[in-house]
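See structure below.
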Amino acid sequence: MLISGAKLLQKAHNGGYAVGAFNFNNMEIAQAIFEAADKNSSPIIVQCSEGAIKYAGADMLYAIVKTLSDKYPHIPVALNLDHGTSFESCVYAIRHGFTSVMIDASHHSFEENLAITKEVVKVAHAADVGVEAELGRLMGIEDNIVVEGKNASLVDPDEAQKFVKESGVDYLAPAIGTSHGAFKFKGEPKLEFELLKEVKKRAGIPLVLHGASSIPDDVRASFENTGGDLKGSKGVPANFLELAIKGGINKVNTDTDLRIAFMAQVRKVVKEQPSEIDPRNYFKPARAAVVAMLTERMKVLGSAGKI
Ligand code: G3H
Ligand code: 13P
Ligand code: ZN
119 MLISGAKLLQ KAHNGGYAVG AFNFNNMEIA QAIFEAADKN SSPIIVQCSE
169 GAIKYAGADM LYAIVKTLSD KYPHIPVALN LDHGTSFESC VYAIRHGFTS
219 VMIDASHHSF EENLAITKEV VKVAHAADVG VEAELGRLMG IEDNIVVEGK
269 NASLVDPDEA QKFVKESGVD YLAPAIGTSH GAFKFKGEPK LEFELLKEVK
319 KRAGIPLVLH GASSIPDDVR ASFENTGGDL KGSKGVPANF LELAIKGGIN
369 KVNTDTDLRI AFMAQVRKVV KEQPSEIDPR NYFKPARAAV VAMLTERMKV
419 LGSAGKI
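In this text, residue positions in the sequence shown follow the working numbering: the first is 119, and each later residue adds one.
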């Protein structure tokens, strides 16, 4: 059943587990997410970036999710706009049936971020839609705080407390050292778990980890075995995800792992069956690989068995 992200994540916050928020741009990956949720009795969040909306259309993406949620009515699911960059973008998603929106104004000043988020909260809550905001800035590999010793981009717990109180936001993404994509750490992985715990204490609401892909060894191997190049890539180890959940994370954003798992199988068919022309014979094993990867992930997150 398609429900508000706030409702879904409040339950995870109360139960001390996390729900995966998995990005999709097409039917096959959406099917894989629902199939994994069904197999593992797990609630899910499916999410689309503005780029996904540009690629497939908000109406198409909504229709895919609505069709799948009708097929699996026992699965609690929220459809989230990932990294909405403006008030207008969030309203557009709400109008298209999204049940959760992220307003990512973290590149603005604190005051501006607060003002935009407040506006989004006002319209979203009127439509029973949950709202996520971000504080601090996600790292890129070049300004990895651990390596460079910079902490200007990390979340500030005082600001988090004030932000949550004044904005009315339902869940918050604090920057604690992760980054998007397959190249997250130059050296050993390191996240700011103490800072996370402090933010959780002060904010008292569900927290979100962006850039949470792990790049599991078997998934990496399946990509590299077909000649794919992931040299230098490093994800968030599974035990870090568990620690982050203990520290208060309830929504774990994952896109890169799905992309790698999916594309590894497409690459395999390209390599091994050069005369294959039926797209279904590329996408069927790719979809199955995403289900297998998500099955492992749902166990790590503690969302398996929570329906
Ligand atoms: O947060 C970023 C997500 O991985 C979505 O990426 O903008 O390429 O769709 P995208
Ligand atoms: P990954 O690139 O680590 O999968 O992160 C995705 C994400 O944070 C989407 O918002
Ligand atoms: Zn993100």
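Glycine included, each C-beta is placed from N, C-alpha and C at the ideal position.
All values derive from a computational prediction rather than experimental measurement.
- Sorting A339, L290, Q279, K386 by C-alpha distance to the C-alpha of S218 places L290 at the top.
- If you draw a straight line from the Cα of N343 to the Cα of P355, it is about 21 Å long.
- Secondary structure of L199 (DSSP, three-state): strand.
- For the options T372, P403, Y180, G350, the alpha carbon positioned closest to that of F216 is the one of Y180.
- In this structure, the straight-line span from the alpha carbon of I193 to that of A176 is close to 21 Å.
- Residue range 218-221 is occupied by the beta strand (DSSP E) that includes V219.
- For N231, the uninterrupted alpha helix (DSSP H) segment begins and ends at 228-244.
- The residue among A410, N371, S331 with its C-alpha nearest the C-alpha of G353 is S331.
- For a cut-off of 8 Å, the C-beta gap from A404 to V337 is around 12 Å, too long to register as a contact.
- Secondary structure note for V354: it is in no alpha helix (DSSP H), with a DSSP letter that is neither H nor E.
- Cβ-Cβ distances below 8 Å link K157 to V409, T413 in the same chain, with the five nearest sequence neighbours on each side left out; the list follows chain order.
- For the 8 Å CB-CB criterion, N141 and L376 form a contact.
- If you draw a 10 Å sphere on the C-beta of E252, you find 16 or more other C-beta atoms in it, and that means buried.
- Within the DSSP bridge table, the entry for S167 names D200 as partners.
- For K189, the enclosing alpha helix (DSSP H) covers residues 176-189.
- Three or more beta-carbon pairs separated by less than 8 Å are not found between the segment 308-321 and the segment 134-150, which leaves the two stretches without contact.
- Under the DSSP definition of a beta bridge, L253 partners with P292.
- Residue environment for K386: buried (at least 16 other C-beta atoms within 10 angstroms of its C-beta).
- Residue pairing from DSSP leaves N144 without any beta-bridge partner.
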